[in-house]
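Each residue of the sequence shown is one higher than the one before, starting from 530 at the first, in our numbering.
Here a beta-carbon is modelled for each residue, glycine too, at the ideal position from N, C-alpha and C.
All figures in this text were calculated on a predicted structure; none of them were measured in a lab.
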Amino acid sequence: MTTSTTQQSARAFLAGLRKEISNHAGVGHSVLGRMATDARTREHFKILSGQHYPLVANFTGYMELLLLRAPNSEAKCWLAKVLVDEYGERSEGQDHATIYRTFMAAAGHNPGDEERVPLHPEVVHFIREHQRICTEEPFLVGLGAVGPGHEWSIPTMFEHVITGLRRAGFADREIEYWTCHMDQDQDHGAWLEEALAGYCDTPESQEQVRRGALLSLDARERFWWGVADKINSSMTKNLIPGFVTATASAERDQPTYEQLKQQLKVTISLGGRG
Ligand SMILES: [Fe+2]
Ligand SMILES: [Fe+2]
Numbered sequence: 530m531t532t533s534t535t536q537q538s539a540r541a542f543l544a545g546l547r548k549e550i551s552n553h554a555g556v557g558h559s560v561l562g563r564m565a566t567d568a569r570t571r572e573h574f575k576i577l578s579g580q581h582y583p584l585v586a587n588f589t590g591y592m593e594l595l596l597l598r599a600p601n602s603e604a605k606c607w608l609a610k611v612l613v614d615e616y617g618e619r620s621e622g623q624d625h626a627t628i629y630r631t632f633m634a635a636a637g638h639n640p641g642d643e644e645r646v647p648l649h650p651e652v653v654h655f656i657r658e659h660q661r662i663c664t665e666e667p668f669l670v671g672l673g674a675v676g677p678g679h680e681w682s683i684p685t686m687f688e689h690v691i692t693g694l695r696r697a698g699f700a701d702r703e704i705e706y707w708t709c710h711m712d713q714d715q716d717h718g719a720w721l722e723e724a725l726a727g728y729c730d731t732p733e734s735q736e737q738v739r740r741g742a743l744l745s746l747d748a749r750e751r752f753w754w755g756v757a758d759k760i761n762s763s764m765t766k767n768l769i770p771g772f773v774t775a776t777a778s779a780e781r782d783q784p785t786y787e788q789l790k791q792q793l794k795v796t797i798s799l800g801g802r803g
C-alpha cells in the first residue's frame, strides 16, 4: 500500500471507531439519557461527584504512564499537549481535579472530604482496569483507552450531565468543569486522533486501538451502573425512613479514594510500541 492509501485506511478505521463509540452503552447509559427526564437534585450530583472524583483525579496518571511508554517523540508530543491542558493551561492555571472540587463543593461536599467517600466496587474496578490497561497492555491498547475511550466519548456523556445539572439548578460558574470539557475534549480527541492516525496502519494495530477503547468503555458502563446504584440507594433511604439497602450497608467495607491510593502500585516495562 502507498502512504496515502495507508493513511486513508487509518482514517476510515478511526471514523468507524468514532461511530461505534458513540453507540456504546458506556456513553449512552440510562443514567445519562434520563438526565433530561428524571427529577435531578443537588443531592444526586453530590453522590455522582463523590464517585466520579477518583476518575477525574486519576486521569492524568494514565496519560503520564503512556507518555513513558510512547515509542517516539511525535507520540509523546500529542500526549503532552493534552496533559498540559489537563494541568490547567487553558483554565487559568487550575488543573482539572481542582476545578472539579469547586463543583463538588457546590454539590454539597465539604472541602477536604472529596477523598473520603466510600467508593462503589465499580469505581474501584474502573481505576484498577485503566491502570492495568496503561501498564500491562500494549501501548496502542492504552492509547485507545485514553483517546477514543475517554476524549472522544466525554463531550457526549458530559452533554447529558450538563442537561441534568441545569435542571437541578446549578449556576454556570459551578459547573465549569463540565462545560470546559465540551470544547477542550474536542481538541484533545482531535490531537490524539493525529497520534493514532500514524499507527493504525495494520489490522493488528487497529485491533489494539479498538480493544483499548472498548475495554475503557466497558469499564465506563459498569461505572455508571455503580453511580445508579448509589443514587437509587439514597432515594430509597429518603422514601422509606429506617430502611437500609444492601448498597448502603456495604458502604462500611468500601474503600475511600484516600485508602485506594495507598494500594495502587504500578510496575511498567519500557518496551516501546509493544
Ligand atoms: Fe480534563
Ligand atoms: Fe481531555
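heavy atom of ligand 1 below 7 Å from residue i C-beta
i, result
"residue 659", "no"
"residue 655", "no"
"residue 772", "no"
"residue 625", "yes"
"residue 687", "no"
"residue 710", "yes"
"residue 542", "no"
"residue 588", "yes"
Contact belief for residue i with residue j at Cβ below 8 Å, rounded distance in angstroms
i, j, result
"residue 683", "residue 691", "Actually they do not touch by this definition, with Cβ atoms about 12 Å apart."
"residue 653", "residue 784", "7 Å"
"residue 595", "residue 672", "6 Å"
"residue 668", "residue 599", "7 Å"
"residue 589", "residue 697", "About 28 Å separates the two Cβ atoms, so there is no contact after all."
"residue 649", "residue 755", "4 Å"
Ligand 2 heavy atom lying under 7 Å from the CB of residue i
i, result
"residue 714", "yes"
"residue 717", "yes"
"residue 670", "no"
"residue 615", "yes"
"residue 556", "no"
"residue 705", "no"
"residue 690", "no"
"residue 611", "yes"
"residue 736", "no"
"residue 680", "yes"
Residue j beta carbon less than 8 Å from that of residue i
i, j, result
"residue 757", "residue 585", "no"
"residue 737", "residue 670", "yes"
"residue 742", "residue 674", "yes"
"residue 604", "residue 724", "yes"
"residue 747", "residue 555", "yes"
"residue 797", "residue 664", "yes"
"residue 583", "residue 780", "no"
"residue 767", "residue 656", "no"
"residue 550", "residue 677", "yes"
"residue 717", "residue 613", "no"
"residue 581", "residue 750", "no"
"residue 578", "residue 659", "no"
"residue 628", "residue 728", "no"
"residue 546", "residue 739", "yes"
"residue 666", "residue 543", "no"
"residue 562", "residue 689", "yes"
"residue 633", "residue 608", "no"
Where the alpha helix (DSSP H) through residue i begins and ends
i, result
"residue 761", "732-768"
"residue 797", "Run containing residue 797: none; DSSP gives neither H nor E here."
"residue 708", "705-726"
"residue 587", "571-598"
"residue 776", "775-779"
"residue 562", "559-562"
Proximity test, Cβ basis, 8 Å: residue i and chain D
i, result
"residue 727", "No chain D is present in this structure, which holds just one protein chain."
Problem - Ordered list of alpha helix (DSSP H) runs contained in the region 609-692, each at least 4 residues - result: 625-636, 650-665, 668-675
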